[in-house]
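K.L.:
These protein sequences, in sequence, are chains A and B. Going by the numbering used here, 64 is the number at position 64 of the first sequence; the sequence numbering is gapless. Going by the numbering used here, 260 is the number at position 165 of the second sequence; the sequence numbering is gapless.
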Amino acid sequence: MTRVVLPYHLRTLAGVTGELTVEGQTVLAVLDGLEASHPALRGTLRDPVSGKRRPFVRFYACSEDLSHTSYDDPLPAAVLRGDEPLLVIGAMAGG
Amino acid sequence: MVGVRLLVGTRKGAFVLTSDERRRDWQVEGPHFAGWEVYHLKGSPADPDRIWASQSGGWFGQVVQRSVDGGRSWAPVGNDFSYEGDAGTHQDLDGTPKPWAFTRVWHLEPSLTDPETVYAGVEDAALFKSTDGGTSWGELSGLRTHGSGPEWQPGAGGLCLHTLLLHPTDEQRIFAAISAAGAFRTDDGGGSWIPINKGLLSGEIPQQEAEVGHCVHKLAMHPSRPDTLFMQKHWDVMRTDDAGGSWREISGDLPTDFGFAIDVHAHEPETVYVVPITSDYLHVAHEGRLRVYRSRSGGGEWEPLTKGLPQEHCYVNVLRDAMAVDRLDQCGIYFGTTGGQVYCSPDAGDSWEPIVRDLPAVLSVEVQTLP
Numbered sequence: 001m002t003r004v005v006l007p008y009h010l011r012t013l014a015g016v017t018g019e020l021t022v023e024g025q026t027v028l029a030v031l032d033g034l035e036a037s038h039p040a041l042r043g044t045l046r047d048p049v050s051g052k053r054r055p056f057v058r059f060y061a062c063s064e065d066l067s068h069t070s071y072d073d074p075l076p077a078a079v080l081r082g083d084e085p086l087l088v089i090g091a092m093a094g095g
Numbered sequence: 096m097v098g099v100r101l102l103v104g105t106r107k108g109a110f111v112l113t114s115d116e117r118r119r120d121w122q123v124e125g126p127h128f129a130g131w132e133v134y135h136l137k138g139s140p141a142d143p144d145r146i147w148a149s150q151s152g153g154w155f156g157q158v159v160q161r162s163v164d165g166g167r168s169w170a171p172v173g174n175d176f177s178y179e180g181d182a183g184t185h186q187d188l189d190g191t192p193k194p195w196a197f198t199r200v201w202h203l204e205p206s207l208t209d210p211e212t213v214y215a216g217v218e219d220a221a222l223f224k225s226t227d228g229g230t231s232w233g234e235l236s237g238l239r240t241h242g243s244g245p246e247w248q249p250g251a252g253g254l255c256l257h258t259l260l261l262h263p264t265d266e267q268r269i270f271a272a273i274s275a276a277g278a279f280r281t282d283d284g285g286g287s288w289i290p291i292n293k294g295l296l297s298g299e300i301p302q303q304e305a306e307v308g309h310c311v312h313k314l315a316m317h318p319s320r321p322d323t324l325f326m327q328k329h330w331d332v333m334r335t336d337d338a339g340g341s342w343r344e345i346s347g348d349l350p351t352d353f354g355f356a357i358d359v360h361a362h363e364p365e366t367v368y369v370v371p372i373t374s375d376y377l378h379v380a381h382e383g384r385l386r387v388y389r390s391r392s393g394g395g396e397w398e399p400l401t402k403g404l405p406q407e408h409c410y411v412n413v414l415r416d417a418m419a420v421d422r423l424d425q426c427g428i429y430f431g432t433t434g435g436q437v438y439c440s441p442d443a444g445d446s447w448e449p450i451v452r453d454l455p456a457v458l459s460v461e462v463q464t465l466p
């Protein structure tokens, strides 16, 4: 299971507190798992038609920005071991 | 309890304001969806405890929420607003073709009779319909694919379908307004549409009398006279008495005929309300005085309504969906401002009191009259 930390607004929308755990060893699988377990998140992280990440959403793990990598790549080993979470970030924007 | 329930959408969440029929003491609940922009909320006339809310933001896109208990609790419903087929292009602000792209829901319009049916006007301009309470949405693409669609250009707020008026007895007839394309009507439930802009004159476009391209800000209708519509255009207040066949100007003696909001008294179909705004450059109350203007003659002659409203140093705006009227015997008028005030007049505009003063900027106000 992969640990996931959502930003405040999405935790509220999904009705969760703290970390989530979902099945998935890639970013894409984690997104699929999040949307399956919490349908309210559909369309909030990625465009429902194109599947593209929303511009102000970022995926970080182990001090790395995974936002621009292939979402089919395996997540970092520390995330797969459960030592580190995958961080979903609402990017700083607006000044 | 006879009373009213106001549904207020703001830049930072939604609020539900309730009162009895005296409309003097108010209970304020919220913010719901704190931190999100709530462009609009509206309740079902067929089941007033069923309310939909458009929740959106630049980070996480569009969410539609539904309450089945009068706004006390909410649950997300469907938010897939996919255009039908190849969406094609409209004009961008610089005149170049731009692919149609969904941004947000501006306006939700529940069916007058079916609590499962609700319409959504969206940006980029298109009309969607749900027949399962908002769980799923399908585009009524005849509007967007009307022949003039590729010529439509956004207004400053975006290419938005912001107004939907449902005919009170003919379910096949719907009016829609789009900034900056104009007004449209369907007589077959949304399958096909015609532009209804004859008589509009817009100095901001090359052909002042063009079939489309007018920046219509808002339409209003009294249900007893569904062929008569009132329009606050970018500039000019207009009316039609033949369901949009032709329009004539009724700005009359208004101090400025720029504005956004317009509405009609619940029991007097010739009594109309507008809030004049200085200009399209300034977007603030005219002369620093917040005045609602009322015409009891269907336009042309207007009287300022000022009692209880700030008459100096007031530089707020009143946006297009931010005015509403209740249906109590003594009609109440409500509007919200970009300064976060929501005002109530329980006497049809003669006097006003703020219900709340310090909400986030108000985007929309709707009112439900409760039995």
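For each residue, glycine too, the CB sits at the ideal point set by N, CA and C. Everything numeric in this text was worked out from a predicted model, so none of it was measured.
(1) Hey, how far is the Cα of Asp-47 of chain A from the Cα of Leu-256 of chain B?
(2) Run through chain A and tell me which residues come within less than 9 Å of Phe-50 of chain B, C-beta to C-beta.
(3) Are the segment 360-370 of chain B and the segment 408-420 of chain B touching by the rule of at least three beta carbon pairs closer than 8 Å?
(4) Indicate the three-state DSSP secondary structure (helix, strand or coil) for Val-30 of chain A in the structure shown.
(5) Where does Thr-281 of chain B fall in DSSP's three states?
(6) With distances taken between CB atoms, is the gap from Pro-7 of chain A to Gly-90 of chain A smaller than 7 Å?
(7) Determine the direct distance from the alpha carbon of Gly-253 of chain B to that of Thr-184 of chain B, and round the result to whole angstroms.
(8) Chain B beta carbons: is any one of them nearer than 7 Å to that of Val-49 of chain A?
(9) Can you tell me the Cβ-Cβ gap for Leu-222 of chain B and Glu-461 of chain B, rounded? I've got them flagged as a contact below 8 Å.
(10) With DSSP collapsed to three states, give me the class of Pro-205 of chain B.
(11) By the three-class DSSP mapping on this structure, what secondary structure does Gly-126 of chain B have?
(12) Count the other CB atoms within 10 Å of the CB of Ser-151 of chain B; is the residue buried (16 or more) or exposed (fewer)?
(13) Along the alpha helix (DSSP H) that carries Ala-14 of chain A, what are the first and last residues, could you check?
(14) Any contact of the segment 435-448 of chain B with the segment 397-408 of chain B, i.e. 3+ C-beta pairs under 8 Å?
(15) At 9 Å on the CB atoms, spell out the chain A contacts of Val-158 of chain B, in chain order.
(16) At a CB-CB cut-off below 8 Å, which residues of chain A make contact with Asn-512 of chain B?
(17) Output yes if chain A places a C-beta closer than 7 Å to the C-beta of Asp-120 of chain B; else output no.
(18) Does DSSP classify Ala-77 of chain A as helix, strand or coil?
(19) Can you give the Cα-Cα distance for Ala-196 of chain B and Phe-110 of chain B, rounded to whole angstroms?
(20) Assuming His-241 of chain B contacts Gly-277 of chain B under a Cβ cut-off of 8 Å, what Cβ separation, rounded to an integer in Å, is found between them?
P.N.:
Inspection of the coordinates gives the following:
(1) In the first sequence, the residue the question calls residue 47 of chain A occupies position 47. In the second sequence, the residue the question calls residue 256 of chain B occupies position 161. Roughly 21 Å between the two C-alpha positions.
(2) Here chain B covers residues 96 to 466 and nothing more, so residue 50 of chain B does not appear.
(3) yes
(4) Position 30 of the first sequence, counting from 1, holds the residue named residue 30 of chain A. In the structure shown, the three-state DSSP call for Val-30 of chain A is helix.
(5) Reading the second sequence from its first residue, position 186 is the one you call residue 281 of chain B. Reduced to three states, the DSSP call for Thr-281 of chain B is strand.
(6) Counting from 1 along the first sequence, the entry for residue 7 of chain A is found at position 7. Counting from 1 along the first sequence, the entry for residue 90 of chain A is found at position 90. In contact: Pro-7 of chain A and Gly-90 of chain A (Cβ atoms closer than 7 Å).
(7) Here residue 184 of chain B refers to the residue found at position 89 of the second sequence. Here residue 253 of chain B refers to the residue found at position 158 of the second sequence. Cα-Cα distance, rounded: 14 Å.
(8) Sequence index remark: in the first sequence, residue 49 of chain A carries index 49 (1-based). Chain B contact via Cβ: present.
(9) Here the question's residue 222 of chain B lines up with position 127 in the second sequence. Here the question's residue 461 of chain B lines up with position 366 in the second sequence. At roughly 19 Å, the Cβ-Cβ gap does not stay under 8 Å, so Leu-222 of chain B and Glu-461 of chain B are not in contact.
(10) Translated into positions along the second sequence, residue 205 of chain B becomes position 110. Looking at Pro-205 of chain B - three-state DSSP - the assignment turns out to be strand.
(11) Sequence index remark: in the second sequence, residue 126 of chain B carries index 31 (1-based). What sits at residue 126 of chain B in the sequence shown is Pro, not Gly. Reduced to three states, the DSSP call for Pro-126 of chain B is strand.
(12) The sequence position of residue 151 of chain B within the second sequence is 56, counting from 1. It is buried - the Cβ of Ser-151 of chain B has at least 16 other Cβ atoms within 10 Å.
(13) The residue given as residue 14 of chain A occupies position 14 in the first sequence. Ala-14 of chain A -> alpha helix (DSSP H) spans 8-14.
(14) When C-beta atoms of the segment 435-448 of chain B are compared with those of the segment 397-408 of chain B, three or more pairs fall below 8 Å, so the two segments count as touching.
(15) Here residue 158 of chain B is taken as the residue at index 63 of the second sequence, counted from 1. Near Val-158 of chain B (Cβ distances below 9 Å), the residues of chain A are Leu-13, Ala-40, Gly-43, Thr-44.
(16) The structure shown does not extend to residue 512 of chain B, since chain B spans only 96 to 466, so no value can be given for it.
(17) Here residue 120 of chain B refers to the residue found at position 25 of the second sequence. No, no contact with chain A.
(18) In the first sequence, counting from the first residue as 1, residue 77 of chain A sits at position 77. In the structure shown, Ala-77 of chain A sits in a helix (DSSP, three-state: H, G or I).
(19) Start at 1 with the first residue of the second sequence, and residue 196 of chain B comes out as number 101. Start at 1 with the first residue of the second sequence, and residue 110 of chain B comes out as number 15. Going by the C-alpha atoms only, they are around 29 Å apart.
(20) Position 146 of the second sequence, counted from the first residue, corresponds to residue 241 of chain B. Position 182 of the second sequence, counted from the first residue, corresponds to residue 277 of chain B. About 11 Å separates the two Cβ atoms, so there is no contact after all.
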